[in-house]
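From first to last, the protein sequence lines stand for chains S and A.
Note that this note's numbering has the first sequence beginning at 646, numbered continuously upward.
Note that this note's numbering has the second sequence beginning at 1015, numbered continuously upward.
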Amino acid sequence: MSRENTIQLEETNMNKPGVNSLLKSINLRSLIIVFALIAIWISLQIATDGTFLTSRNISLLFRQMTPIGIISIGMVLVIVAGHIDLSVGSIVAVSGAIAAVMQTQMQMGTIPTIIALLLTGLIVGVINGYFSTFQKIPPFIVTLATMLVFRGVTLLITGGSTISGMNPSFKYIGDGYVSQLWSTIIAAIGILFYLIFEITKRRSKTSKGMNVTSTNWFALKLIAVCAICVLLVSTMNNYEGIPIPVIIMAAIVIVVTFISKNTRFGRRLYAIGGNSEAARLSGINVNKEGLKVFALLGILSAISGLILTARLDAATPAAGNQFEFDAISAAIIGGASFSGGQGTVFGAVIGALIMASLNNGMSILNIPSAAQFILKGLVLLIAVWFDMRGKIKGK
Amino acid sequence: MNNIIKEFPGVKALGGVSFKVKKGEIHALVGENGAGKSTLMKVLSGVYPYGTYTGSITVEGKVQNIQNTSDAEKAGISIIFQELSLSSNLSIAENIFMGDEPTKGMLIDWDSMYSRANELLELVGVRLDSNVLVKNLGIGHQQMVEIAKALRTDSKILVLDEPTSALSNSEINMLMNLLEKLRDQGVTCIYISHKFDEIFRIADRVTILRDGQTIDTLSIDSLNESMLINLMVGRDLNQRYPERKRGTGKGNPILELKNYSLFDYKEGKERLHKINFSLHQGEILGIAGLMGAGRTELVSSLFGAFNGKSEGQIMIDGKEIKINCPQDAMKQGISFITEDRKNLGIFPVLSIKENMVIANLDNIPGKVMVQESEEKLLCNLFVDSLQIKIGSTENKITSLSGGNQQKVILGRWLMRKPKILILDEPTRGIDVGAKYEIYSIINRLVEHGVAVIMVSSELPEILGMCDRILVMKDGTITGEVLQEEATQEKIMSFAVGGSV
Chain S
646 MSRENTIQLE ETNMNKPGVN SLLKSINLRS LIIVFALIAI WISLQIATDG TFLTSRNISL
706 LFRQMTPIGI ISIGMVLVIV AGHIDLSVGS IVAVSGAIAA VMQTQMQMGT IPTIIALLLT
766 GLIVGVINGY FSTFQKIPPF IVTLATMLVF RGVTLLITGG STISGMNPSF KYIGDGYVSQ
826 LWSTIIAAIG ILFYLIFEIT KRRSKTSKGM NVTSTNWFAL KLIAVCAICV LLVSTMNNYE
886 GIPIPVIIMA AIVIVVTFIS KNTRFGRRLY AIGGNSEAAR LSGINVNKEG LKVFALLGIL
946 SAISGLILTA RLDAATPAAG NQFEFDAISA AIIGGASFSG GQGTVFGAVI GALIMASLNN
1006 GMSILNIPSA AQFILKGLVL LIAVWFDMRG KIKGK
Chain A
1015 MNNIIKEFPG VKALGGVSFK VKKGEIHALV GENGAGKSTL MKVLSGVYPY GTYTGSITVE
1075 GKVQNIQNTS DAEKAGISII FQELSLSSNL SIAENIFMGD EPTKGMLIDW DSMYSRANEL
1135 LELVGVRLDS NVLVKNLGIG HQQMVEIAKA LRTDSKILVL DEPTSALSNS EINMLMNLLE
1195 KLRDQGVTCI YISHKFDEIF RIADRVTILR DGQTIDTLSI DSLNESMLIN LMVGRDLNQR
1255 YPERKRGTGK GNPILELKNY SLFDYKEGKE RLHKINFSLH QGEILGIAGL MGAGRTELVS
1315 SLFGAFNGKS EGQIMIDGKE IKINCPQDAM KQGISFITED RKNLGIFPVL SIKENMVIAN
1375 LDNIPGKVMV QESEEKLLCN LFVDSLQIKI GSTENKITSL SGGNQQKVIL GRWLMRKPKI
1435 LILDEPTRGI DVGAKYEIYS IINRLVEHGV AVIMVSSELP EILGMCDRIL VMKDGTITGE
1495 VLQEEATQEK IMSFAVGGSV
């Protein structure tokens, strides 16, 4: 790129601050994925003669997506930091197995079981992270190895057979619903908090004399977000209320989005993935932050295992098989890049929703599993292809 | 080569270089860092393809339009770069014949490959079997393999860029003997080096480059060392440097080094040997020296960024401290701006704002969360005071010119309110106007009592900016020059290691 070009680029940016900041505030990239999701939903709605977008199926779809969705939330941050974790599926299996043994053979309560699972996730995440960062072994290799190890431990614990018969309170985490009344209350509180958060953020900016998007666009954005929330919750209320796993996932999305955007830890992850050497020279403890993100993913994978085991009311030795594929695909479809430094929690969740919608829709349509695999593979390839083309043109 | 002009964005690297080499001679190419030697050789060898520069290259009467390195090879030109480009997990023979393996039908003819490789090794005078893996060879032998590879293509012109920088004395001898032997066989050799003893030993003629221009081509017999130095640096200070009130006397010493030595982790090689100096408040201490003198090693180890083991003392404000990682240095109020902005400085996928605040997240108000509005306020403050020309702090840093990128990095480190600011080649790859602005910023800091260490390969910059200049060679400090008495010749003679 010649110097003249660079200058031109700066000038055009300066000339159109309005349009530019508008696009930035909406975030073009996440808008595209949302549109892709809507397009997929409409096509499936037509193909299934209206079965896809019923209250019952939407409720089911969101419940189905939670195990992968929760993992992809952590996976995207691991990818942002420039790493990868292939062992998530095995972590799901191992935590499910531990839960089942605690509940059925040791007669433990639900609360101790949950605590034990979170600890398990933390420990295996730290193991992955320690070898990948402090010991400088490529995470691909580390987690490929732990994928086998954790799967082996699962077989050891379960003795190779399915264990079932959980406590009712444990099962409730997987297949329960929040009643319609409480769903409405939770949604209302959520929306209220969201509005307060956005408005105070905007006030604090204007009070410090900073540029903000115009009031109209701001209002439009708030209304759009609230409308989508109301629509989703009322759809689910039409059936039985919000499924418990969906509430858990929503809470995780909010917390982890917040972590990734507004905490020092989150911001450092983007820097490490963007240029790890420069991050080190900026005084960031690259190994420590890397370890933390693997630990976070470990915990989220264990939560995923918890929900899966609770929903199935059973721990199977093959649980969580190929979850790493779906979670990585979701993150990538959602805009994460293997070169690091790019990707958002929101994108990953929408990515997971796209994958789940395809699974769900194709099951309704009775498409044979062979074709399902092929289609999911192609979706991943096309998503990345589009992304790369955009990037090459952008240069 | 005739009237070669090559421009980089914002910088004219070569401004009309003409250069003739006779058949069968060893022709030395000398000049300061950044004079354009390596650029010229990259033009010759096709790294910069025909069309990205103007001017013409003629080999044995034929004009050559060299598009890539294999065109150059066909024209009989081989280049051996400073960093060797061998694949260490392959054998010598595989490296020599890489890309052009002898074949029998579809298959590689291993027998003839090894036997021809052995012949070539004999030709360069190395007694080695060609099936040895390259990683088992010393650097000197690897260099010989590179030369054997060049001879395989019947090179008429062999270019060596700083070939001895990593060699031991006996290996240098081996190389010199080989080059003399090749000269007798009619191979032309272009020899780029900073080391005068080597040049006076083997070169027939010398061409001096300065600021991208040919100064002169002379026979080696008509020259001596000091004449050569004069030709290399002799230029007017045509760039202007902003005025600054020079410190009256010395401020308090803020940083002192006593018998500071540094060793590589990998090879245990000594990179710095017993360095002693002190840095005072409100002064700019320049560190000059040629490439490989240990300047970058010194400053990056002061920041805890060098992967090695140190001995000796570092004192800050009279107290001895240990610096093991960048965080330690930052706690002591040291900021460090690296020479390699592209690879070690910027985060290319992140925004200007992110790039600026990344080293300061601890200092931005907010307990758990980083307050976005505080962050933006801080950024805008620095954007204004450093006069960074940008549309929005949300734009990617790569949309900026080099000078503005460097100002963003400066902003990143000034946000930490450093007591000591270390700058390694602060104006590399930056156009003249932005350079002046960066100099002004540095001066303003010094007037506020910040102590600055400035490493630079550009002597005029060192002379124009610094209060005191340390000159390094081979990991030691060979001289200290005060601003009043500093001349380019004086610094250069310390840097090449001779006495004045």
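Using N, Cα and C, we set each Cβ at its ideal position, and we do this for glycine too.
The structure displayed is predicted, hence computed values, not measured ones.
No Cβ of chain S is located within less than 7 Å of the beta carbon of residue 1322/A. Per DSSP, residue 1203/A is one residue of the beta strand (DSSP E) stretching across 1202–1206.
Proximity of chain S to residue 1386/A at the Cβ level (cut-off 9 Å) is accounted for by 846, 849, 850, 906, 907, in chain order.
With a cut-off of 8 Å on Cβ pairs, the region 1362–1370 of chain A is in contact with the region 909–929 of chain S, counting three or more such pairs. In this structure, residue 1283/A keeps its C-beta atom at 7 Å or more from the C-beta atom of residue 1326/A. Taken through DSSP and simplified to helix, strand or coil, residue 1493/A comes out as strand.
CA-to-CA, the gap between residue 1116/A and residue 964/S works out to about 54 Å.
A direct Cα-Cα distance of roughly 27 Å separates residue 828/S from residue 685/S. Residue ranges of uninterrupted alpha helix (DSSP H) with 4 or more members, entirely inside the region 755–785 of chain S and ordered along the chain, are 755–774. Annotation for residue 904/S: 910, 911 place their beta carbon closer than 7 Å to its own, counting only its chain and skipping 5 residues before and after.
The beta carbon of residue 1477/A lies closer than 6 Å to those of 1500 in the same chain, with the five residues before and after it left out. Taking a 10 Å sphere around the C-beta of residue 1462/A, we find fewer than 16 other C-beta atoms and assign the residue as exposed. In the three-state reduction of the DSSP assignment, residue 1130/A falls in the helix class.
Of all residues in the region 977–1009 of chain S, only 986, 987 come within less than 7 Å of chain A when Cβ atoms are compared, listed by chain position. Per DSSP, the unbroken alpha helix (DSSP H) holding residue 915/S starts and ends at 909–919. The C-alpha of residue 826/S lies about 41 Å from the C-alpha of residue 802/S. CA-CA distance, residue 893/S to residue 818/S, rounds to 9 Å.
For a Cβ distance threshold of 7 Å, residue set 1358, 1359, 1360, 1361 of chain A lies close to residue 923/S, ordered along the chain. Taking a C-beta distance under 7 Å as the contact criterion, residue 952/S and residue 757/S do not qualify as a contact pair.
Distance between residue 945/S and residue 723/S, taken at the CA atoms: about 12 Å.
Between residue 1453/A and residue 1336/A, the alpha-carbon positions lie close to 31 Å from each other. Here residue 1407/A carries a coil assignment [DSSP, helix/strand/coil]. By the Cβ rule, the region 1205–1218 of chain A counts as touching the region 1166–1186 of chain A, because three or more pairs are nearer than 8 Å. If you look at residue 1197/A, you'll find it in the alpha helix (DSSP H) that goes 1183–1198. Shown in chain order are the members of the region 1344–1357 of chain A whose Cβ falls below 8 Å from a Cβ of chain S: 1344, 1350, 1352, 1357.
Straight across, the Cα-Cα distance linking residue 1445/A with residue 763/S is about 56 Å.
Along the region 916–942 of chain S, going in chain order, the ones with a CB nearer than 9 Å to a CB of chain A are 916, 918, 919, 920, 922, 923, 924, 925, 926, 927, 928, 929, 930. Taking all protein chains shown into account, residue 1141/A has fewer than 16 neighbouring C-beta atoms within 10 Å of its C-beta and is therefore exposed.
DSSP, read as helix, strand or coil, puts residue 804/S in coil. Neighbours of residue 1341/A across chain S, judged by C-beta separation under 9 Å: 928, 929, 930.
In its chain, beyond the 5 residues on either side, 1450, 1453, 1454, 1457 have a beta carbon closer than 8 Å to the beta carbon of residue 1256/A. For residue 1437/A, the enclosing beta strand (DSSP E) stretches over residues 1434–1438. Judged by DSSP in its simplified three-state form, residue 1461/A adopts helix.
Counted as a single uninterrupted DSSP element, the stretch harbouring residue 719/S is not any beta strand (DSSP E) but the alpha helix (DSSP H) occupying residues 700–725.
In terms of Cβ geometry, residue 1082/A and residue 1113/A do not form a close pair [threshold 7 Å]. Put simply, the region 683–700 of chain S touches the region 1001–1021 of chain S. At least three CB pairs are less than 8 Å apart.
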